[in-house]
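Line order of the protein sequences matches chains A and B.
Just so we're aligned: the first sequence equals residues 40 to 333 in my numbering.
Just so we're aligned: the second sequence equals residues 40 to 333 in my numbering.
Below: one structure, written as structure tokens.
Protein chains: 2
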Amino acid sequence: MKFSDWMSNIQQRTEFALESALPPSNPSPSHVHNAMRYVALGGGKRIRPLLCHATGAIFGVHQELLDIPATATEMIHIYSLVHDDLPCMDDDILRRGKPTCHVAFDEATALLVGDALQALAFQILSARMNEIDAARQLDMMHVLATAAGSRGMVGGQALDLAVVGQKLTIAELEFMHIQKTGALIRAAVLLGAHCGQASAEAIDQLGHFANRIGLLFQIIDDILDTEGSTAVLGKTAGKDALQNKPTYVSLLGTIKAKELAQDMLREAHEALTPFGSRASRLHELADFIVERKS
Amino acid sequence: MKFSDWMSNIQQRTEFALESALPPSNPSPSHVHNAMRYVALGGGKRIRPLLCHATGAIFGVHQELLDIPATATEMIHIYSLVHDDLPCMDDDILRRGKPTCHVAFDEATALLVGDALQALAFQILSARMNEIDAARQLDMMHVLATAAGSRGMVGGQALDLAVVGQKLTIAELEFMHIQKTGALIRAAVLLGAHCGQASAEAIDQLGHFANRIGLLFQIIDDILDTEGSTAVLGKTAGKDALQNKPTYVSLLGTIKAKELAQDMLREAHEALTPFGSRASRLHELADFIVERKS
Numbered sequence: 040m041k042f043s044d045w046m047s048n049i050q051q052r053t054e055f056a057l058e059s060a061l062p063p064s065n066p067s068p069s070h071v072h073n074a075m076r077y078v079a080l081g082g083g084k085r086i087r088p089l090l091c092h093a094t095g096a097i098f099g100v101h102q103e104l105l106d107i108p109a110t111a112t113e114m115i116h117i118y119s120l121v122h123d124d125l126p127c128m129d130d131d132i133l134r135r136g137k138p139t140c141h142v143a144f145d146e147a148t149a150l151l152v153g154d155a156l157q158a159l160a161f162q163i164l165s166a167r168m169n170e171i172d173a174a175r176q177l178d179m180m181h182v183l184a185t186a187a188g189s190r191g192m193v194g195g196q197a198l199d200l201a202v203v204g205q206k207l208t209i210a211e212l213e214f215m216h217i218q219k220t221g222a223l224i225r226a227a228v229l230l231g232a233h234c235g236q237a238s239a240e241a242i243d244q245l246g247h248f249a250n251r252i253g254l255l256f257q258i259i260d261d262i263l264d265t266e267g268s269t270a271v272l273g274k275t276a277g278k279d280a281l282q283n284k285p286t287y288v289s290l291l292g293t294i295k296a297k298e299l300a301q302d303m304l305r306e307a308h309e310a311l312t313p314f315g316s317r318a319s320r321l322h323e324l325a326d327f328i329v330e331r332k333s
Numbered sequence: 040m041k042f043s044d045w046m047s048n049i050q051q052r053t054e055f056a057l058e059s060a061l062p063p064s065n066p067s068p069s070h071v072h073n074a075m076r077y078v079a080l081g082g083g084k085r086i087r088p089l090l091c092h093a094t095g096a097i098f099g100v101h102q103e104l105l106d107i108p109a110t111a112t113e114m115i116h117i118y119s120l121v122h123d124d125l126p127c128m129d130d131d132i133l134r135r136g137k138p139t140c141h142v143a144f145d146e147a148t149a150l151l152v153g154d155a156l157q158a159l160a161f162q163i164l165s166a167r168m169n170e171i172d173a174a175r176q177l178d179m180m181h182v183l184a185t186a187a188g189s190r191g192m193v194g195g196q197a198l199d200l201a202v203v204g205q206k207l208t209i210a211e212l213e214f215m216h217i218q219k220t221g222a223l224i225r226a227a228v229l230l231g232a233h234c235g236q237a238s239a240e241a242i243d244q245l246g247h248f249a250n251r252i253g254l255l256f257q258i259i260d261d262i263l264d265t266e267g268s269t270a271v272l273g274k275t276a277g278k279d280a281l282q283n284k285p286t287y288v289s290l291l292g293t294i295k296a297k298e299l300a301q302d303m304l305r306e307a308h309e310a311l312t313p314f315g316s317r318a319s320r321l322h323e324l325a326d327f328i329v330e331r332k333s
């Protein structure tokens with residue numbers, strides 16, 4: 040199967056899995072359930088589910104099984120976007136080409152939508168899976184909860200707000216992004232590996248790959264924020280510079296940032312060497328992350 | 040041991056368990072970690088941990104083991120208070136006798152503190168426990184995540200906002216509170232029972248008890264909001280009437296609300312009959328919930 044077909048297939052399965060896992064609109068509180076569906080369905084590149092599936096493919100894991108951690112991880116990602124767009128945070132009005140949740144609904148609803156999506160992620164991941172040892176499944180919950188917390192994604196968000204207007208070193212910027220974007224991307228990869236009953240060594244090696252991909256993703260995001268248009272990005276372009284946020288582009292300039300991205304990409308590919316051709320989807324996905332336009 | 044001594048003991052252990060589970064202030068992001076400690080430590084009646092420990096006592100469960108679900112449940116409760124106090128929600132400035140989180144810090148920090156506490160609750164509950172079967176532990180995670188979600192606590196919060204100024208029936212008010220307060224109180228009881236490897240029948244019976252206690256807790260809360268003082272409550276008194284929220288008192292009047300509380304209390308005691316004297320702490324706790332002044 041061509042990579043683009045594989046990617047469409049995973050994106051469609053993820054849409055379907057999200058659709059099935061989300062509460063229908065009608066049971067109370069219907070406005071929150073409507074808003075949860077509004078933010079979760081019909082958009083997004085689904086990078087984290089793609090990473091989870093591509094990693095599971097190394098170990099020949101069934102896609103039905105991978106849908107569960109892929110969806111849980113995507114829910115954590117979506118909730119973080121909803122909260123990050125709130126007026127007290129990044130105060131943004133556009134996301135995935137649509138008005139943000141608090142604009143389309145209201146602030147209280149957006150707050151509760153985020154809270155409920157986080158709980159739902161852990162709810163679906165804790166339903167017993169026959170194919171996986173319960174102890175292994177607990178480890179998966181631990182990986183996701185740790186990645187989502189104050190030393191992972193939320194910690195990165197906090198740093199992101201704290202450093203506005205500051206001049207960071209590359210090491211400091213990297214530390215922030217390892218938490219903000221990297222932690223959840225790493226979780227997506229590790230959960231796919233756990234589904235495949237991966238050995239501790241394989242998980243360690245895939246962790247190295249995920250760390251490079253997380254930073255790579257952020258460098259490209261920073262470049263796109265400078266070079267992309269709002270229409271193509273589906274979110275407000277040029278916002279980092281406007282908000283005086285330190286980015287790879289503001290620290291290094293575009294040319295050096297692109298060179299750094301190429302270095303990261305090479306290291307990411309290298310980290311997959313032990314898996315040979317079984318990691319072909321992860322190789323393709325790494326290239327896609329660099330070549331994407333939004 | 041006298042009930043009051045037992046209660047102090049559990050409150051102290053809970054404080055210690057929270058203190059140990061929370062990240063120290065110094066690792067980054069220190070302002071979020073400081074704020075997490077500010078909201079979680081040094082206060083609160085710890086009703087949910089008390090319920091978890093009292094239920095575990097029926098089955099002779101070690102307190103060390105019960106500390107884990109008790110702390111996780113309390114973290115979910117604390118995060119819900121932090122978010123509920125935000126300007127876009129109840130907009131309150133006082134909680135447990137101290138300025139609320141967004142007043143003492145800022146809105147973005149309060150938002151992230153709540154998000155991080157929710158993740159931390161699932162993080163500590165997913166660390167492998169030797170004393171409990173992993174499959175049973177997964178069930179505990181599922182109970183807590185479901186109780187925290189859009190058909191549990193968050194759903195109740197959403198309804199609570201939606202019904203301001205509306206005239207509800209008692210049945211509608213009850214439905215709202217079963218979600219808003221009841222879901223997490225029920226989870227605290229059920230997690231204690233799961234730690235004791237309780238049978239499905241015992242869990243079912245304790246569920247009945249927990250449902251009565253959840254409503255009882257809310258009826259007393261409504262009465263205290265009318266009759267209590269801000270100084271004793273540690274939160275703004277008289278707020279329900281001011282915000283035109285439907286309560287048991289506004290629907291029934293104080294006298295009938297107190298009669299309803301006595302009915303609920305009797306039913307709660309009755310639900311414990313199968314457990315005989317092993318449930319003595321739960322009996323005492325039910326009485327305490329009615330007699331409390333804050």
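Even glycine gets a Cβ: it sits at the ideal position worked out from N, Cα and C.
| Asked | Found |
| --- | --- |
| Would you give the residue range spanned by the alpha helix (DSSP H) that A:CYS91 belongs to? | 86–97 |
| Return yes when the Cβ of A:ALA300 is within less than 8 Å of the Cβ of A:LEU311, no when it is not. | no |
| Please list, in chain order, the residues of the region 141–162 of chain B that have any C-beta partner in chain A closer than 9 Å. | HIS141, ASP145, GLU146, ALA147, THR148, ALA149, LEU150, LEU151, VAL152, GLY153, ASP154, ALA155, LEU156, GLN157, ALA158, LEU159, ALA160, PHE161, GLN162 |
| Excluding five sequence neighbours on each side, which residues of the same chain lie with their C-beta closer than 6 Å to the C-beta of A:ALA96? | ARG320 |
| For B:ARG251, which residues of its own chain have a beta-carbon under 6 Å away from its beta-carbon, when the five flanking residues on both sides are left out? | MET303, GLU306, ALA307 |
| Identify each residue in the region 198–219 of chain A for which the Cβ-Cβ distance to at least one residue of chain B is less than 7 Å, and report them in chain order. | LEU198, LEU200, ALA201 |
| Taking all protein chains shown into account, decide if A:HIS101 is buried (16 or more other Cβ within 10 angstroms of its Cβ) or exposed. | exposed |
| Between which residues of its own chain and A:GLN257 is the CB-CB distance below 6 Å, once the five residues before and five after are set aside? | HIS216, THR220 |
| Can you check whether the C-beta of A:PRO108 is within less than 8 Å of a C-beta belonging to chain B? | no |
| Who are the near neighbours of B:ALA226 in its chain, counting only those whose CB is closer than 7 Å to its CB and skipping five residues on each side? | THR112, VAL182, LEU183, ALA186 |
| Would you identify the three-state DSSP class for A:PRO63, choosing helix, strand or coil? | coil |
| Please name the residue in A:LEU151, A:SER238, A:LEU177 whose C-alpha comes closest to that of A:PHE314. | A:SER238 |
| Just to confirm, are B:ASP124 and B:THR148 a CB contact at a threshold of 8 Å? | no |
| What's the gap between the Cα of A:MET128 and the Cα of B:VAL228? | 36 Å |
| Quick check: the Cα distance between A:ILE294 and A:ASP130, rounded to an integer number of angstroms? | 30 Å |
| Got a sec: is the Cβ-Cβ distance from A:SER67 to anything in chain B below 8 Å? | yes |
| Can you list, in chain order, the residues of its chain whose CB lies under 8 Å from that of A:ALA143, leaving out five sequence neighbours each side? | ALA74, TYR77, LYS137 |
| Which word fits A:GLU54, buried or exposed, when buried means at least 16 other C-beta atoms lie within 10 angstroms of its C-beta? | buried |
| Per DSSP, what are the beta-bridge partners of A:PRO138 in this structure? | A:LEU133 |
| If B:GLY273 and B:LYS332 are in contact, beta carbons under 8 Å, what's the gap, nearest whole angstrom? | At roughly 11 Å, the Cβ-Cβ gap does not stay under 8 Å, so B:GLY273 and B:LYS332 are not in contact. |
| So B:MET168 and B:LEU104 are supposed to be a Cβ contact under 8 Å. How far apart are they, rounded? | 7 Å |
| In chain order, what residues of the same chain have a beta carbon less than 7 Å from the beta carbon of A:LEU89, not counting five sequence neighbours either side? | MET46, ILE49, LEU324 |
| What's the gap between the Cα of B:ALA296 and the Cα of B:LEU263? | 11 Å |
| Go ahead and label A:ILE171 buried or exposed: buried means 16 or more other beta carbons lie within 10 angstroms of its beta carbon, across all protein chains shown. | buried |
| For B:SER165, go through chain A and note every residue whose CB falls closer than 7 Å to its CB, in chain order. | LEU177, MET180, HIS181, ALA184 |
| In this structure, how does DSSP classify A:THR312 when only helix, strand and coil are distinguished? | helix |
| Hey, how far is the Cα of A:ILE209 from the Cα of A:LEU290? | 7 Å |
| List, in order along the chain, the chain B residues whose C-beta lies closer than 9 Å to that of A:HIS233? | Within 9 Å Cβ-Cβ: nothing; A:HIS233 doesn't reach chain B, min ~12 Å. |
| Can you check which of these residues, A:LYS206, A:HIS116, A:LEU133, is closest to A:LEU156 by C-alpha distance? | A:HIS116 |
| Would B:ALA160 and B:MET192 be called neighbours here (beta carbons separated by less than 8 Å)? | no |
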